[in-house]
Amino acid sequence: MREKLLLCFTFLTIFTFSQNTSKNSISFQEDFHDYGINVLEHKLFKFDSSLSQSLRIGYNRQLSNSIILSVGISNGFLWNNQIETTHLSKNYSAGIDVTSMFITNNGKIFRNDAPFSPYFSFGYQYYFINKLKKYGYNPSQISLQYGLGFNLNLKKRTSFQLHSMLNQQLNGNFSTHFIHRIGITQVLAGRNTPTEKNKIDEKFKNDYDKDGIADIDDKCPTLAGKFGNMGCPDGYEFKVSVSKSKLDSMEAILLHLKTKMEKLNAEIEAINTKLKDKNKNQKNDDTKIVTADNEKEIKTEKNKNEPENKDENVEIVKEKTNTYYVITISALNQDLAVKEAEKLKLKYSNVKVISQPNGFYRTAIWAGKDKLVAQKLLELVTENGTKQAWIAFY
């Protein structure tokens, strides 16, 4: 009956291993059976050597942070033994075991990646020794095992194991012996096992600045900071205060500039109104002489190409004349251009306003078709204080 229960428990464990796990591992171990203590009261075996050995291959599943369940199969032989006076040659054995290991590198006693960590074990083992049947003994043996071992991490996923167990037989006369196990365990990542990178990504999934403080609790979600500062860096409050003061100062300056601009626009509008009223009462006068030096040259060109528009005080040129002009200003407002022309008429003759297709008005002094005359006139205008003047052909 006990044998059937053990086999059912073993198959149930193997079925459990077929499910997707969080962490799996495989072990390759050598078992040494020490029969130096009471084994069937020394009636069955007499040893020249007290040790026999077997190779164990185990498959392990971590059920929780503290428990690992292991299923193993083993195959070996007994060394130089005999039943009373009969020598048993090639006395092979085979077995299967189920063991629960209670580990201490669970993050509470030792950290998960501790280089050294002990563990405790408890389990059952079924052994079959075929030679015993030949001599009238039960070849099947069921044992209860409990022991102590430790893991020594060699690499991230590889560890060395040393394990000693007390093996108590459950059938027959309940004789006991020691099993010493030594081997290597290799961790295998399961399909759903989160990698370290995935764990970090999950931790920072809702943490934009990756400072370990979730965005919902982070006062500065875009700046990496400290927990004590509500997720803000050191000195952040002071920097924010200084920045706010600068912004307030700049807003005050901007408001002051806007006020001055509005006042200036009002003054310009008033000047434009006065100029419009003044222009209505003025008559065109193109008879003034520029200077004594260039009067003859300009008058000669004027007689040939001067456009006719003498009804107004300042002529507005709207058509191309294909002659040279010395331009003093270019304005979007016609009244400003006319006002500048009235000032220039006090010094120069043939001052006009050119209406441009782009909507601008140029205050210009007509110079004729000779470019040299225009250049001399430009030099004169520049010397008289209009530094920004230039020549245009229109």
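Here the sequence shown is numbered in this note's numbering, starting from 10 and rising by one per residue.
Backbone N, C-alpha and C define an ideal beta-carbon position, used for all residues, glycine too.
Where residue i sits in the DSSP three-state scheme
i: K255; result: helix
i: I188; result: strand
i: S384; result: The identity of residue 384 in the sequence shown is Gln, whereas the question assumes Ser. Reduced to three states, the DSSP call for Q384 is helix.
i: T282; result: helix
i: I336; result: strand
i: M7; result: Shown here, the chain extends from 10 to 403; a query on residue 7 therefore has no answer.
i: T268; result: helix
i: D226; result: helix
i: N162; result: strand
i: Q170; result: strand
i: N139; result: helix
i: E324; result: strand
i: K248; result: helix
i: K287; result: helix
i: I277; result: helix
i: T372; result: strand
i: L1; result: Since the displayed the chain opens at 10 and closes at 403, residue 1 lies outside it and no answer follows.
i: T108; result: strand
Distance between beta carbons of residue j and residue i, contact taken as under 8 angstroms
i: T167; j: Q178; result: That pair is no contact at about 34 angstroms.
i: Y333; j: K380; result: 6 angstroms
i: I66; j: S36; result: 7 angstroms
i: Q150; j: Y133; result: The Cβ separation is near 11 angstroms, so there is no contact.
i: N69; j: S126; result: So it is not a contact: roughly 15 angstroms between Cβ atoms.
i: N74; j: G116; result: 6 angstroms
Own chain, CB closer than 7 angstroms to residue i, minus 5 neighbours either side, in chain order
i: I222; result: D216, F236, G240
i: L64; result: E39, S83, N84, G85
Candidates the options, of which the one nearest residue i by Cα
i: D344; options: I363, K253, I374, T330; result: I363
i: G158; options: K289, Y144, L175; result: L175
i: L141; options: G132, Y133, A103, F129; result: A103
i: F41; options: S34, G85, S79, L78; result: G85
i: N367; options: A275, S358, I374, N342; result: N342
i: N393; options: Y128, A383, K356, V382; result: K356
i: D43; options: Q62, F37, S34; result: Q62
i: F402; options: L389, V390, Q365, D243; result: Q365
i: F173; options: S152, P242, F129, L232; result: Before going further, note that residue 173 is Ser rather than Phe in the sequence given. Answer by Cα proximity: F129.
i: K164; options: A261, N274, T194; result: T194
Same chain, Cβ closer than 6 angstroms to residue i, five either side skipped, listed in chain order
i: A346; result: A340, V362, Y370, T372
i: V360; result: A350, L353, K354, I374
i: P124; result: N162
i: L284; result: D344, K348
i: N318; result: Low local confidence applies: a pLDDT of 42 at N318 is under 50, so the model's placement there is unreliable, and no value is given.
i: H51; result: For H51, the pLDDT reaches just 49, beneath the cut-off of 50, and the residue's location in the model is therefore unreliable, leaving the point undetermined.
Chain B within 8 angstroms of residue i, Cβ atoms only
i: V390; result: The structure shown contains no chain B; it holds only a single protein chain.
Sequence-distant residues of the same chain with beta carbon closer than 8 angstroms to residue i, five excluded per side
i: L264; result: none
i: K313; result: Per-residue confidence for K313 stands at a pLDDT of 49, beneath the threshold of 50, marking its modelled position as unreliable; the derived number appears in the next sentence. Contacts found: G377, K378.
i: N281; result: N342, D344, L345
i: Q384; result: I400
Contained alpha helix (DSSP H) runs [length at least 4] in the region 338-365, N- to C-terminal order: 343-353
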